[in-house]
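Remarks on the structure that follows.
Here's what the structure looks like:
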């Protein structure tokens with residue numbers, strides 16, 4: 001469902017099971033300019049995401065209600081009660097009417113501590129957020145500590161900004177291996193796999209920040225290793241240089257190799273655009289310097305240290321000395 | 328340069344060790360103290376297993392040095408750990 005909402009452009013916070021929050025602010029411009037337009041679109045995608053396969057569209061319902069309000073607590077309460085959007089002007093009154101039990105889901109772990117707080121508030125006759133709001137900061141801090149202060153902030157409508165998750169996007173390429181492949185033929189297979197990954201349309205021209213090299217083993221089971229690239233890159237040579245040495249760690253013969261993108265960097269074209277201003281002349285000068293030094297001192301004159309497995313317990317596996325790239 | 332090469336490869340070193348395997352001297356220089364020691368085992372499932380006993384040493388001339396004994400070959404190496 002979170003992915004469905006992200007599909008309409010929502011930046012989704014999904015930290016607890018059963019609830020998803022997103023800001024309607026940025027979406028209003030996309031969907032008619034008002035909150036109702038955003039809600040209608042969101043209800044559509046949520047309903048579709050909740051519809052069991054095969055159920056007729058007209059028979060579907062929205063089992064996940066939507067609520068609109070300036071804070072998480074108010075939005076969830078509005079959703080559960082089927083209320084219309086709570087405007088900022090109505091927020092204080094709406095929050096004030098809510099029972100302190102709504103804090104149980106908002107104060108984080110351990111839940112037991114939140115239950116004790118709500119129980120203690122109840123013993124003092126404080127059953128609503130409105131009553132809690134009547135206490136001063138000092139009173140709450142003295143009696144209930146940090147958790148009490150967090151509860152007071154919620155009662156006042158002062159919640160932290162949303163923390164949207166980073167949408168997950170899978171780009172995986174796999175190559176089947178002939179039986180008994182090893183050594184340079186295995187390296188070649190990996191090079192083909194790298195080319196395949198970089199050519200995948202789903203990459204959309206973006207650079208890569210990290211990849212996971214994995215293998216299905218002939219004897220059953222699997223193996224994988226994560227490899228960061230150090231800096232965004234979509235150069236086949238960079239990936240090959242980093243990944244080929246990792247094949248040495250394969251625990252046995254493999255029947256398939258797999259490459260998965262762990263994180264994308266900016267599109268390569270964007271990087272070029274950024275370089276046009278200040279960085280491009282510097283890059284040109286650096287490129288000329290590299291060529292000049294190599295012409296004078298030989299092709300091995302300029303090298304760089306490339307971290308490949310910084311956490312390895314075997315010191316010589318941590319870094320590679322590679323030629324400084326031509327610019 | 329043919330291609331990438333590893334950094335910090337182990338280099339052979341002459342070590343005189345006590346009967347329990349603890350280094351007593353590296354070349355002509357006596358070992359003042361063993362600061363730390365640890366074992367690294369890897370690739371035990373392959374035909375070329377890797378078993379190393381590392382020692383971080385303080386030498387009598389003031390240098391700090393890390394050496395290891397390759398348990399497979401029985402040779403000593405120094406390496407920046």
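Residue numbers (my numbering), protein chains in the order written: chain L, 1 to 327; chain Y, 328 to 408. Positions of the beta carbon are idealized from the N, C-alpha and C atoms, including for glycine. Remember, predicted model here, so these are calculated numbers, not experimental data.
By the rule that beta-carbons nearer than 8 Å mark a contact, residue 17/L does not touch chain Y. Counted as a single uninterrupted DSSP element, the alpha helix (DSSP H) harbouring residue 144/L occupies residues 137-155.
By the Cβ rule, the region 93-105 of chain L counts as touching the region 120-130 of chain L, because three or more pairs are nearer than 8 Å. Each of 224/L, 164/L, 177/L was checked against the Cα of residue 14/L, and the nearest Cα belongs to 164/L. Using beta-carbon distances, residue 390/Y does not count as an interface residue toward chain L, since no partner is under 8 Å. Residues of chain L with a Cβ closer than 9 Å to the Cβ of residue 367/Y are, in chain order, 313, 314. When only Cα atoms are considered, residue 371/Y and residue 377/Y end up about 7 Å apart.
Within chain Y, the residues 331 have their CB atoms less than 7 Å from the CB of residue 241/L, given in chain order.
For residue 360/Y, the enclosing beta strand (DSSP E) starts and ends at 356-369. Its Cα nearest to that of residue 107/L, the residue 160/L stands out among 96/L, 135/L, 223/L, 160/L. Annotation for residue 343/Y: 351, 352 place their beta carbon closer than 6 Å to its own, counting only its chain and skipping 5 residues before and after.
Within the region 192-279 of chain L, the runs of beta strand (DSSP E) that reach at least 3 residues and sit entirely inside it are, in chain order, 206-217, 222-233, 254-267. Boundaries of the alpha helix (DSSP H) around residue 113/L: 111-123. Beyond the five residues adjoining it in sequence on each side, residue 94/L comes within less than 6 Å, by CB distance, of 74, 86 in the same chain, given in chain order.
Between the alpha carbons of residue 154/L and residue 82/L lies a distance of about 21 Å. The DSSP-derived three-state label of residue 394/Y is strand. Nearest in C-alpha terms to residue 356/Y, of all of 368/Y, 332/Y, 341/Y, is 341/Y.
Between residue 236/L and residue 195/L, the C-beta spacing is below 8 Å. Ranked by how close their Cα comes to the Cα of residue 348/Y, the residues 373/Y, 335/Y, 379/Y have 379/Y in first place. Distances from the CA of residue 40/L to each of 18/L, 20/L, 173/L, 67/L were compared; the closest alpha carbon is that of 67/L. Assigned with DSSP and collapsed to three states, residue 324/L falls in coil, not helix or strand.
DSSP places residue 334/Y outside both helix and strand once states are collapsed to three, so it counts as coil.
The count of Cβ pairs closer than 8 Å, one atom from the region 281-294 of chain L and one from the region 197-209 of chain L, stays below three, leaving the stretches out of contact. Neighbourhood of residue 408/Y in chain L, by CB distance below 8 Å: 315, in chain order.
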